[in-house]
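Going line by line, the protein sequences match chains B and R.
Going by full-length UniProt numbering, the first sequence runs without a break in its numbering and finishes at 352.
Going by full-length UniProt numbering, the second sequence runs without a break in its numbering and finishes at 565.
These notes are about the structure you will find just below.
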Amino acid sequence: MPSKNSSKSKKVGVVGVGSFGTAIANMLAEKNEVVVFARKEDVVEEINVAHTVSGRLLNPAIRATTDPAEICEQCDILFFMISSAGFVEVVRRFAPHLYPYHVIIHGTKGLALNLGRDESLESVQKIKRSQLLTMSEVILQETVAVRVGCLAGPNIAKELIAGHPAATVIASKYNEVILEGQKLLRSERFQVYGNSDIIGVELSGVLKNIIAIASGALAGLGLGENAKGLLISRGMVEMVHLSKALGGSVQSVMGLAGIGDLVTTCNSVDSRNFTVGFRLAKGERLDEILATMDEVAEGINTVRIVDAFIKTAGIRAPITENLHRVLFEDLPISDALQFLMKYPFSVDVDFV
Amino acid sequence: MEEKYIKHRYDPIIPSKDEWPVVKLARERREFVKKVAELAEARILGLTGKNPDILKEELETTLYREKLRVKQNPWAVDPDDEHTFWNEVKNSLLQINTDMALDKAQRFQAYQGLLHQITSRYAEEIASNFKASHYKFTRSMVTYGFARLLNAARVKGIKSIFSTQYTLQDKIQITGQTDQIRDLATKGTIVMVPTHFSNLDSVLIGWIISVLGMPPFIYGAGLNLFNISIFAYFMNALGAYKVDRRKKNLMYLETLKTYSKEAIQFGCHSLFFPGGTRSRSGMIESRLKLGLLSTAIEAQRANYQNGLNDISGKVFIVPVTINYHFVLEAPSLIQEYLSATGQERYYKENDEFSTSYKISKFLFKFFTKGSDISVSVGRAMDVLGNYVDENGDSLDKRGRRIDTRDYFISEGKVTIDQQREEEYTNMLGKRIVEEFHLINRVFSSHLVAFVAFELIKQKNNKLDIFDLIRLPEEDISIPYSEFKDACQMVLDKIFELKAQGKIDAAPHLKRSMDEIITHGIDNVGMYHAKRPIVRDKAGNITTEDMSLLYFYHNRLHGYAFEKLF
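In structure tokens:
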């Protein structure tokens, strides 16, 4: 039962060195000693020797390791910056090395399924709230850590690395997690807001990916800015309703992690979700698009899970439902658009 | 088929009563009360940020509320000098406010003096008056007296009154993790959290604790119970401290919490009814009162701060469910619940436990007729809701040993973080509710009440609960065969959940379905003037009181059994 009481200042851990992880690690390294975790030996060697990762520069002070035990032992606070596809697996790998004193802040935008051993999304069709987990819920379920937070907001890694001004939200039920995150990350170029509604903030980051696909589709159809304004506004309403049904608050969707990130993502032509929508609109099929992408666009998975949830929640989410039909039921995108234009949105704002 | 119940009386875990924490506390009562008053005072000063204006405001609010209470809601148990005391507070306050000669620091000191008087008074009032001799007497009286009643009723013949064929333990069955709680009680401090359906619970739990050979637990009992002299005697004898629900001011609440926290730190095993009051709806408590629960977490953290890192400083939470066929207060509880939910036009305060006569009458009925009670003791947990092993070490979900102290650490040190502890209290509350559902023991009466109500609801699916309760009784009739099938369906589901460890069931549920139904109908709310379930001449199932049926039905709320219909 090791209990760490050493008073010497602890290092900060970053798990995952994708583009976002690299950006955060560099920002953290401005004020602290940072250890990063990567799965592959050659990546670790590249960091420790050349101080780069996939060609991106990394602060030379940053050390890398492939050993979860080592990083958990050296750090009391860990930033989990991994893709949602690998999230559950990485968290399970870390679980034996985590203790209740660890603080975990994650930056992953995705949902995980919480199904029985022989169940899958295909076999159950509909899912209840208890059958899906946000990433913080994954951490709480799989590990003994309780002081958990998330990082969300309009944070395009490329711009962060370039040092452009930006801001983020750290959400946690625990004030100390928010304060700690602010202390570690805040700088002249980076503002950090706090929010206690962690579920709402996580959901904002997750749900906006759905709208980002739709935004790409509109761009692919060449529909212009009026249509985009319409989409962002209706998309936000849909996010509010879905977030409420899943246990988030309206306020969080209105914030930086919601509307802030939504606007950024809907305009970011490089994002994977946007690209999927764009290529769909150009007439490609989903399997063709996926075959040429090295990482799955998170929005696709989110559409599937949320669509399965809508069936049990008794709410309507027309954008998600129609995207689901386009992605998985071969509905032509023009039909989906027509359907949405005819959908009786009677009230502009019905949630305040 | 009948399960083996614990019938022997356990040896006391601490034979010498001088060693009982509660006796030690009673011996040091005066110093303890003083300490509580001082700590409460410091806490309140901390909350007011040592700002004289805020402190003044708190004093004025407290004074206003207390004067209102003394005038509008006096109780027999209130001390005679209530009026005088608060008048003096009022005069002093007035004097300090108008005395221009005082500078800021002096004024603050004067306010603090008043605060001190108030917390001292509250601490004195809250503190228990435990006397070991009274405890022994009460215990033997309860055991002996109840046994006599029981045997008089069950064993025929003139000698029955002296028979020892039946003891209270035939009537009240104890199941679950009894060895664990006994063992941990010698090593650390136990906080027992039972479900609360009846005023009888306090006495019942007190008796159970003594049967298990554990020294008395202290617990907060509603001051209203001390209005009745026979109860006051019992409560004092059982180590109760007093909780006055009329006083909702900050100063009182802080003093109360300090008392509870300090007593746990002192090593006194404690008992909280985390539901706060009796369950009005008959449902297992789903939202717990977190106030006193938070003191268990605070005490645990304080122990770690004081370097008590081994098991002697560890606080264990033990959930307990009490299962009845019959709750004496059910009619008034459910009326209160319905009116609080807003639809009943009026309700009449009608406390069945209001007089000693009524209580004796109930007790006599209880012991002379065959209605059993079972008490399930759950697995011990740490203050974060992790199960603990035989050494009292906490285990995570995978069975790895973890240190509870780690939850209170930031940057390598145990720190005080009120907001964090609030979240921990929420977490613990949720865990306790989960455990309640796991150890809840289903009786035949719960089953028949649940099924009858659900069938009636199904037949009137357009009506909401309030219309359902107003259904004319003569319109309600369920054919027996349909009822039996539905009972079997729910029972199958109960056994399915039991196999997964998600609920418990009484052994009598292993009988044939006809027997279970007869047993259930005979027992459900058996002493009420109007019975929740009866069979009419044709053998069909009907009710004499829908509200009561609803109350007993609610016991199986929270398992999604209603989805079967």
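Glycine is no exception: its CB is placed at the ideal position from the N, C-alpha and C atoms.
Where B/L133 is concerned, the enclosing beta strand (DSSP E) starts and stops at 132-134. Secondary structure at R/G307: coil, using DSSP grouped into helix, strand and coil. Here R/E41 is buried: its Cβ has 16 or more other Cβ atoms, across all protein chains shown, within 10 Å. The contact set of R/R379 on chain B, defined by CB atoms closer than 8 Å, is empty, because the minimum CB distance reaches about 17 Å. DSSP places B/G247 outside both helix and strand once states are collapsed to three, so it counts as coil. Residue pairing by DSSP puts R/K242 in a beta bridge opposite R/A221. Interface residue (Cβ-Cβ distance to chain B less than 8 Å): R/D389 is not classified as such. Annotation: the continuous beta strand (DSSP E) that includes B/R147 extends over 147-152.
Its Cα nearest to that of R/I439, the residue R/Q500 stands out among R/L94, R/Y111, R/A302, R/Q500. Of the residues R/V377, R/D310, R/V375, R/G385, the one whose Cα lies closest to the Cα of R/N391 is R/D310. By the criterion of a C-beta distance shorter than 7 Å, R/Q265 is surrounded in its chain by A299, A302, N303, once the five residues flanking it on both sides are discounted.
Rounded to whole angstroms, B/I300 and B/H164 show a C-alpha spacing of 29 Å.
For R/I172, no chain B residue has a Cβ inside 8 Å of its Cβ, as the nearest lies near 36 Å away. The beta carbons of R/K257 and R/T295 sit closer together than 8 Å.
Looking at the DSSP output, R/M381 bridges to R/I317, R/Y387. The C-beta of B/P60 comes no closer than 8 Å to any C-beta of chain R. Between the region 231-251 of chain B and the region 271-289 of chain B, the count of C-beta pairs closer than 8 Å stays below three; the two stretches do not touch. Under the 8 Å criterion on CB atoms, R/Q419 is classed as interfacial with respect to chain B. At a cut-off of 8 Å between beta carbons, R/Y407 contacts chain B. Sorting R/L384, R/L308, R/G206 by C-alpha distance to the C-alpha of R/L293 places R/L384 at the top. Going by DSSP, R/P12 is part of no beta strand (DSSP E) at all; its letter is neither H nor E. As computed with DSSP, B/V15 is found in a beta bridge with B/F37, B/F80. The three-state reading of DSSP puts R/D545 in coil, since its state is none of H, G, I, E or B.
The C-beta of R/S410 comes closer than 8 Å to at least one C-beta of chain B. Per DSSP, the beta bridge partners of R/Q173 are R/S374.
Considering only R/L55, R/D244, R/R420, R/G399, the residue with the shortest C-alpha distance to B/E142 is R/G399.
For B/L185, the enclosing alpha helix (DSSP H) starts and ends at 175-185. Between R/A123 and R/R29, the CB-CB gap reaches or exceeds 8 Å. Ranking R/E82, R/P194, R/E262 by CA distance to the CA of R/R43 puts R/E262 first. If you check each beta-carbon in the region 170-187 of chain B against every beta-carbon of chain R, the ones closer than 7 Å belong to K173, Y174, N175, E176.
Between R/T119 and R/E422, the alpha-carbon positions lie close to 24 Å from each other. For B/A297, the closest of B/I319, B/F309, B/D270 by C-alpha to C-alpha distance is B/D270. Here the alpha carbons of B/H97 and B/C266 stand approximately 39 Å from one another. Against chain R, the CB of B/V138 has no partner CB under 8 Å away; the residue lies outside that interface.
Close partners of B/V144 in chain R (Cβ separation under 7 Å): D396, I402. Across the region 423-439 of chain R, CB contacts with chain B closer than 9 Å involve E423, Y424, N426, M427, in sequence order along the chain.
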